[in-house]
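Since the structure comes first, as structure tokens, the remarks are kept for the end.
2 protein chains.
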Amino acid sequence: MQPSTATNLWFYPCYRRSPFFAATQKAGCQGYDIYNHMLLPGGYADAETEYWHLVRDVTLWDVSVERQVEITGPDAFRFTNLLTPRDLTQCGVWQCKYVVLTAADGGIVNDPVLARIGENHFWLALANSDALLWAKGVAINAGMDVEICEPDVSPLQVQGPKSKQVVQALFGEKVLALKYYDCMSADLDGIPVVVTRTGWTGEVGYEIYLRDGSRGEALWDRIMEAGQPHNIKVIAPSEIRRIEAGILNYGHDMTLDNNPYEVGLGWLVDLDQEADFVGKKALKKIKAEGPKRKLVGIEIHGGPLDCWPEAYWPVSSNGNQVGHVTSAAYSPGLKKNIGYALVPIECAGLDTRLTLETPDGKADATVVRKPFVDPKKGIPKS
Amino acid sequence: MQPSTATNLWFYPCYRRSPFFAATQKAGCQGYDIYNHMLLPGGYADAETEYWHLVRDVTLWDVSVERQVEITGPDAFRFTNLLTPRDLTQCGVWQCKYVVLTAADGGIVNDPVLARIGENHFWLALANSDALLWAKGVAINAGMDVEICEPDVSPLQVQGPKSKQVVQALFGEKVLALKYYDCMSADLDGIPVVVTRTGWTGEVGYEIYLRDGSRGEALWDRIMEAGQPHNIKVIAPSEIRRIEAGILNYGHDMTLDNNPYEVGLGWLVDLDQEADFVGKKALKKIKAEGPKRKLVGIEIHGGPLDCWPEAYWPVSSNGNQVGHVTSAAYSPGLKKNIGYALVPIECAGLDTRLTLETPDGKADATVVRKPFVDPKKGIPKS
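Taken in sequence, the protein lines are chains D and X.
According to my numbering, the stretch in the first sequence is residues 50 to 431, in order.
According to my numbering, the stretch in the second sequence is residues 50 to 431, in order.
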């Protein structure tokens with residue numbers, strides 16, 4: 050399976066390179082996405098080969114494009130809680146939380162992983178939008194004493210069932226004590242990092258946030274060395290595996306035009322907390338009225354999809370166009386085509402039949418439960 | 050001359066397509082840039098061929114990536130003036146202004162063309178950053194009654210010495226009355242547009258802002274038809290011609306880390322106006338102290354450059370690295386290599402000698418005046 054049709058992308062200074070760029074070239078990266086104004090590796094081998102490596106062994110990804118918004122200063126806690134509907138009194142130091150940032154109308158500005166690495170020291174590891182500008186804008190008249198910047202921090206992901214052994218070899222026993230969404234500071238022979246028990250897969254995984262861009266090659270080589278006995282391979286973020294796991298991709302499955310309730314992220318909105326946050330009033334109203342549309346899981350019938358959607362596929366119900374497919378892929382583990390569609394609430398019920406317009410013609414689909422893979426069971430490994 | 054090395058870019062839904070996308074494919078677009086989360090045509094023929102077409106005849110560009118921030122509501126004038134250091138009391142209805150948006154520290158958030166198409170109706174035609182998020186963020190606690198959105202507006206550029214004849218054929222005599230940076234509303238057999246006497250070249254040119262995305266193909270075809278007698282060709286934005294003209298490219302020649310004074314845009318900052326704007330205090334201080342570095346014009350000695358920089362080229366003075374080249378190209382009109390470098394103020398004087406590290410080895414350069422081409426004289430046409 051190929052991702053989609055390719056065109057040419059010319060390298061320019063405006064596409065920033067990660068501290069691992071040279072390593073990704075050496076590893077045979079075949080193309081890049083542009084994400085947060087940076088080059089994001091898009092693939093080294095075909096997507097299915099990369100997928101099996103991820104679910105069977107262990108993989109290394111350059112995700113430096115997850116730029117950080119760093120918030121510090123005496124009011125950092127209060128300000129960060131103003132940016133997100135999640136109740137941050139529930140987030141201790143050295144914990145992470147998956148959060149959304151919402152606009153005044155409840156629209157999703159970004160869906161970062163938040164890491165609290167000090168009482169008043171927060172990182173937001175961004176999805177693909179300039180949420181640094183958003184945060185700086187909100188701060189203008191907020192009357193709070195905060196510093197907001199993009200620090201020299203570049204994450205890698207180490208994902209797959211054997212990732213535990215790799216991080217143990219690098220950081221020792223203490224890293225195994227990290228619970229899901231915990232994080233810790235570490236020093237790898239002078240390379241400063243933060244390690245988090247997070248990732249963009251349903252597999253066991255870690256992220257290693259490099260805190261000194263000049264040490265990219267050294268960190269990369271250390272990880273590859275530690276991973277060698279475990280058959281580590283360099284891959285791109287796995288579109289297939291993240292869909293199986295029910296994970297959303299900002300810019301595809303949700304945008305500023307979507308609120309958390311309609312894309313299944315209502316659990317990130319704590320309306321009952323005392324603190325005010327941007328979008329609280331709008332989200333209260335949306336919740337009370339119920340969302341008008343919903344991002345649903347779909348199973349697409351017919352043979353394996355050749356490639357992922359290059360643009361949104363129109364979705365029809367009873368002959369009327371009602372929505373669009375936001376993501377879709379053939380799952381080699383589940384041996385079927387899965388994806389997401391944004392449809393009116395009337396078409397969102399389980400077992401609803403939908404018709405898709407794909408580049409290869411019409412296809413039938415059925416609304417199904419997501420995630421597609423139970424995180425506790427995982428997927429069949431063959 | 051080729052732009053630079055190419056890699057693969059896979060098409061995805063997150064890269065939005067313009068209303069003219071199909072037309073750009075039909076016109077033989079060979080690659081795309083990603084700009085404001087959209088596909089921006091990067092080239093149809095080699096850069097030199099496109100350049101000569103632009104300076105001799107007339108050209109059509111899909112620049113729908115110039116997304117608009119639309120600001121309306123009772124306080125739209127006051128709010129827009131809060132976003133930019135330019136004194137907007139000097140901007141009448143149906144006038145445009147080139148502006149910068151600045152952050153609290155004076156850093157440049159974006160450098161849009163502002164169009165005032167009503168007393169309290171503004172468009173900001175964005176360069177490559179999510180300034181919609183910035184504007185929405187600033188509005189949160191500004192206490193002003195405004196609506197901020199991205200409207201269904203997609204600009205095209207019609208640029209080149211024969212562009213006057215093309216827009217005259219489309220819109221009649223009245224369009225010829227437009228002075229530089231004026232704009233007007235028009236209707237082309239039911240296709241709603243705004244026409245501005247602006248462009249990203251030193252040539253005569255216009256922008257046609259389509260106000261109904263469903264009419265992209267119709268508008269494109271009408272322009273191509275009107276341009277046929279004048280030898281119109283579809284090209285990408287001309288890197289060469291904009292450098293000759295002294296025009297800056299956001300993300301290359303300036304970023305959030307630069308203030309207007311150091312990149313030669315101090316003339317966009319009206320510190321003496323009564324209105325407050327974001328960054329006023331910081332910019333007053335920067336102006337009083339004088340900028341610490343400067344974006345200078347450079348002439349690069351030696352044979353014609355093969356391609357444009359793929360990443361910033363380091364710049365040295367007396368053996369010490371002091372800055373970097375942000376843009377460079379061989380100008381076929383001037384028959385020399387020209388570009389910009391960001392250097393400390395001590396190295397910014399005319400005739401300063403600099404050493405560049407290019408992928409082909411060291412190159413000598415000299416600081417020269419910009420723009421490289423006098424807008425009144427234009428460039429030799431052969």
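By construction, the Cβ of each residue, glycine as well, lies at the ideal position given by its N, Cα and C atoms.
Predicted model only: the values in this text are computed from it and were never measured.
Taking only the alpha-carbon atoms, compute the straight-line gap between residue i and residue j and give it to the nearest angstrom.
i         : j         : result
Trp172(D) : Tyr229(D) : 17 Å
Val149(D) : Lys336(D) : 16 Å
Tyr310(X) : Trp59(X)  : 39 Å
Gly339(X) : Lys330(X) : 14 Å
Gln79(X)  : Asp111(X) : 14 Å
Cys63(D)  : Leu175(X) : 15 Å
Gly388(D) : Thr375(D) : 7 Å
Phe220(D) : Val364(X) : 39 Å
Thr304(D) : Thr151(D) : 11 Å
Val392(D) : Leu237(D) : 48 Å
Tyr255(X) : Thr407(X) : 36 Å
Asp261(D) : Ala180(X) : 28 Å
Ile296(X) : Ala226(X) : 25 Å
On the DSSP letters alone, give me the boundaries of the beta strand (DSSP E) that residue i sits inside.
i         : result
Val148(X) : Segment: none, Val148(X) is in no beta strand (DSSP E) and carries neither H nor E.
Arg402(X) : Arg402 to Thr407
Glu119(X) : Gln117 to Thr121
Lys385(D) : Lys385 to Pro393
Glu256(X) : Gly254 to Leu259
Met303(D) : Element bounds for Met303(D): n/a, residue is neither H nor E.
Ile83(X)  : Gly80 to Tyr84
Glu348(X) : Arg342 to Ile349
Leu31(X)  : Nothing in the structure corresponds to residue 31(X), since chain X is present only between 50 and 431.
Looking at the secondary structure, which residues open and close the alpha helix (DSSP H) in which residue i lies?
i         : result
Thr129(X) : Ala125 to Leu132
Val243(X) : Element bounds for Val243(X): not the alpha helix (DSSP H) but the beta strand (DSSP E), Ile240 to Thr245.
His102(X) : Ala96 to Arg105
Ser212(D) : Ser212 to Phe220
Glu293(X) : Glu288 to Glu293
Thr73(D)  : Phe70 to Lys75
Val187(X) : Ala180 to Ala188
Asp270(D) : Gly265 to Gly276
Ala360(X) : Unbroken run through Ala360(X): none, as it is neither H nor E.
Leu332(D) : Lys329 to Glu338
Which of helix, strand or coil does DSSP assign to residue i?
i         : result
Glu196(X) : strand
Val158(D) : strand
Tyr310(X) : helix
Thr138(D) : helix
Phe60(X)  : coil
Arg65(D)  : strand
Asp231(D) : strand
Glu168(D) : coil
Cys396(D) : helix
Val202(X) : coil
Ala55(X)  : strand
Lys425(D) : coil
Trp316(X) : helix
Gly262(D) : helix
Lys411(X) : strand
For residue i, which option in the options has the closest C-alpha, if you only look at C-alpha atoms?
i         : options                                       : result
Asp413(X) : Pro420(X), Lys425(X) and Lys385(X)            : Lys385(X)
Ile349(D) : Lys334(D), Lys411(D) and Met303(D)            : Lys411(D)
Leu320(X) : Val312(X), Val327(X), Lys333(X) and Leu314(X) : Lys333(X)
Gly382(X) : Gly368(X), Asp423(X) and Phe326(X)            : Asp423(X)
Gln217(X) : Val318(X), Ile257(X), Asp400(X) and Gln51(X)  : Ile257(X)
Asp409(D) : Val318(D), Ile197(D), Asn169(D) and Asp355(D) : Asp355(D)
Pro100(X) : Ala377(X), Thr250(X) and Thr407(X)            : Looking at the sequence itself, residue 100(X) is Tyr, so the reference to Pro does not match. It is Thr250(X) whose Cα lies nearest to the Cα of Tyr100(X).
Gly89(X)  : Cys198(X), Asn307(X), Pro204(X) and Ala153(X) : A small fix is needed here, since residue 89(X) is Leu in this sequence, not Gly. Minimum Cα distance to Leu89(X) is reached at Pro204(X).
Gln74(D)  : Ala191(X), Thr54(X) and Pro353(X)             : Thr54(X)
Ala125(D) : Tyr61(D), Glu97(D) and Gly192(D)              : Gly192(D)
Asp270(D) : Leu109(D), Asp82(D) and Glu97(D)              : Leu109(D)
Met233(D) : His102(D), Asn169(D) and Trp143(D)            : Trp143(D)
Ser67(D)  : Asn85(D), Gln51(D), Pro52(D) and Thr56(D)     : Asn85(D)
Gln139(X) : Glu115(X), Ala164(X) and Thr401(X)            : Ala164(X)
Just to check my reading of the structure: residue i and residue j have Cβ atoms closer than 8 Å, yes? What is that Cβ distance to the nearest angstrom?
i         : j         : result
Val242(X) : Ile120(X) : Not a contact, Cβ separation roughly 20 Å.
Gly92(D)  : Ala397(D) : Between Ala397(D) and Gly92(D) the Cβ distance is about 32 Å, and since that is not below 8 Å, they are no contact.
Val104(D) : Gly276(D) : The Cβ separation is near 16 Å, so there is no contact.
Val345(X) : Val187(X) : The pair is not a contact, with the Cβ atoms about 32 Å apart (cut-off 8 Å).
Contacting positions in the stretch 179-211 of chain D - beta carbon closer than 9 Å to chain C: The displayed structure is made up of protein chains D and X, and chain C is not among them.
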